Amino acid sequence: MTNVPYPWQTNEWDQVQALLDQGRLPHALLLSGLSGLGKKQFALHFIQSVLCEERTGNGHACGACRSCQLFVAGTHPDFLSVSPESSNKPIRIDAVRKLIDFLVLSPSLKSRRIVMIHPADALNVFAANSLLKTLEEPASSALLLLVTDRPVVLPPTVRSRCQSVRFSPRVQSETREWLYKYLGDKKKADLALAQAHYAPLTAVEYADEGYIKNRTELIALLLNLSKDKESPGVLADKWAQSLDMSALNIINAWIRDIIRIGSGVLVVENPDYNETIIAYGQNSNIQKMFDCLDLSLWLQTQLGSGLNMALQLEAFFIRYRAALK
Ligand SMILES: [Zn+2]
Numbered sequence: 619m620t621n622v623p624y625p626w627q628t629n630e631w632d633q634v635q636a637l638l639d640q641g642r643l644p645h646a647l648l649l650s651g652l653s654g655l656g657k658k659q660f661a662l663h664f665i666q667s668v669l670c671e672e673r674t675g676n677g678h679a680c681g682a683c684r685s686c687q688l689f690v691a692g693t694h695p696d697f698l699s700v701s702p703e704s705s706n707k708p709i710r711i712d713a714v715r716k717l718i719d720f721l722v723l724s725p726s727l728k729s730r731r732i733v734m735i736h737p738a739d740a741l742n743v744f745a746a747n748s749l750l751k752t753l754e755e756p757a758s759s760a761l762l763l764l765v766t767d768r769p770v771v772l773p774p775t776v777r778s779r780c781q782s783v784r785f786s787p788r789v790q791s792e793t794r795e796w797l798y799k800y801l802g803d804k805k806k807a808d809l810a811l812a813q814a815h816y817a818p819l820t821a822v823e824y825a826d827e828g829y830i831k832n833r834t835e836l837i838a839l840l841l842n843l844s845k846d847k848e849s850p851g852v853l854a855d856k857w858a859q860s861l862d863m864s865a866l867n868i869i870n871a872w873i874r875d876i877i878r879i880g881s882g883v884l885v886v887e888n889p890d891y892n893e894t895i896i897a898y899g900q901n902s903n904i905q906k907m908f909d910c911l912d913l914s915l916w917l918q919t920q921l922g923s924g925l926n927m928a929l930q931l932e933a934f935f936i937r938y939r940a941a942l943k
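In this note's numbering, the protein residues as written are 619 to 943.
This is the structure in C-alpha cells:
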C-alpha cells in the first residue's frame, strides 16, 4: 500500500505542505478522522518529508538522503513514535515523560525533533495532563503529531493546543479507482466500500476472504435466529469464544440497516442483503432495534473485561429476535 498520500488525502496533504512551505508549521498537529483513511501512513510520510534534506518540488521526501535512509530504517535520531504497549492498553505517563525528554534535546540532523503519538486517544488522563505543559511551552524545534480516530476522547485542553488536520472519506472516482486497482475486483470493492463507510483501507480489510467468510457465517446465524432455527442460548454459546470487535461491527452494521429501512431510508452497509433487510425493516420494532444497537455497542466496550459474554450475547439475541417481530 504505497503511494501516500492516497488519492483521498490530497486536500490534507496540501494543507500541511502549505504550512511547511510558508514556515507556519505549528508545534502540534492533530490528525483526526474515521478509521481506515490512512492517517498514520500520512503522518509518517509527512514526518519523513519534514526531516528530509532534499525535499522534492511537490513536498515529498527524496527517499535517498541520509535522513530518509535513517527514517526508513526506523533509526532516525530525531523521530520518536509513541504507542500503547499493546492494543486496548493506555499510553502511560512514563511514555510521555520519555517523549518530553526527547523533545528538549537539540536535533541531530536537521532543525526538528518530531514525535508521533498513535493512537492519541490511548493517552490516559495523567499522560494527557503531563503532555499539556509541552504543548503550552514547546521547545522551538519540537513537532508533535497526534493521530486519532476519536478526537473527542482527548481532553479539550489538549485538542485546543493542536492545529487540526481533519480527514474525511471521499466518495470520489479516484478513491474507487484506487480500490478497484488494489483489489482487482469492482464488485467486491463497491461492496467493501459501502460496508466501510467509504474508508478505503477499512474496505481493504473487508474485502479479505477471511473477513467475507466470517461475515457470511455471522449473517447466516442471524437469519437462522430470526427463523427460529436456532435458539439464542445455543447461538450465544457457539459465539461467545470468538466474539470480537469485527464480529460486533458486522452486527452493528446489520442493525443500523434495519433501522434505516424502518426509518424510511435505504440500506447502506449491506447492499448484498438488500431485500432481506427491507423485509425486516418494514416489520421490526425500531425502538427495540435501537435498544439492540445500544447493547451491541456497549458489548464492544466490554470485550476483554472478563464479563460473561455468553450470557450477554444470549440477552442480546433475545432482544434482537423480539425486535424483529
Ligand atoms: Zn530525503
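Using N, Cα and C, we set each Cβ at its ideal position, and we do this for glycine too.
Here the structure is a predicted model, which means the values were calculated and not measured.
Check whether the stretch 759–775 and the stretch 791–802 are in contact - that is, three or more C-beta pairs closer than 8 Å.
no
Below 8 Å on the Cβ atoms is my contact criterion, and I expect A810 with A821 to pass it. Report the Cβ-Cβ distance as a whole number of Å.
4 Å
So what's R731 in DSSP terms, helix, strand or just coil?
strand
Taking 8 Å as the limit between beta carbons, can you name the residues of its chain near Q627, skipping five residues before and five after?
L655, G656, F660 and F785
So what's V690 in DSSP terms, helix, strand or just coil?
helix
heavy atom of ligand 1 below 6 Å from A679 C-beta:
yes
Do S726 and D696 have their C-beta atoms within less than 7 Å of each other?
Taking 7 Å as the Cβ cut-off, S726 and D696 qualify as a contacting pair.
Do you know whose CA, among N747, L797 and R673, lies nearest R779's CA?
N747
Output the distance between the C-alpha atoms of Y798 and K804, rounded to the nearest integer angstrom.
5 Å
Out of curiosity, what's the CA-to-CA distance linking N892 and R874?
Each residue's Cα considered, the two are about 13 Å apart.
Is it right to say V789 is buried, meaning 16 or more other beta carbons lie within 10 angstroms of its own, or is it exposed?
With fewer than 16 Cβ atoms within 10 Å of its Cβ, V789 is classed as exposed.
Tell me whether the beta-carbon of L931 lies closer than 7 Å to the beta-carbon of A865.
Annotated as distal: L931 and A865, with beta-carbon spacing of 7 Å or more.
Cβ-based burial, Q813 [other Cβ within 10 Å; buried from 16]
Q813 comes out buried.
Let me know the beta strand (DSSP E) ranges lying completely inside the stretch 640–718, each 3 residues or longer, listed in chain order.
Fully enclosed beta strand (DSSP E) runs of 3 or longer: 646–651 and 697–700.
Is there at least one non-hydrogen atom of ligand 1 closer than 6 Å to the beta-carbon of E630?
no
Heavy atom of ligand 1 within 6 Å of C601 beta-carbon:
Any property of residue 601 remains undetermined from this structure, which presents the chain solely from 619 to 943.
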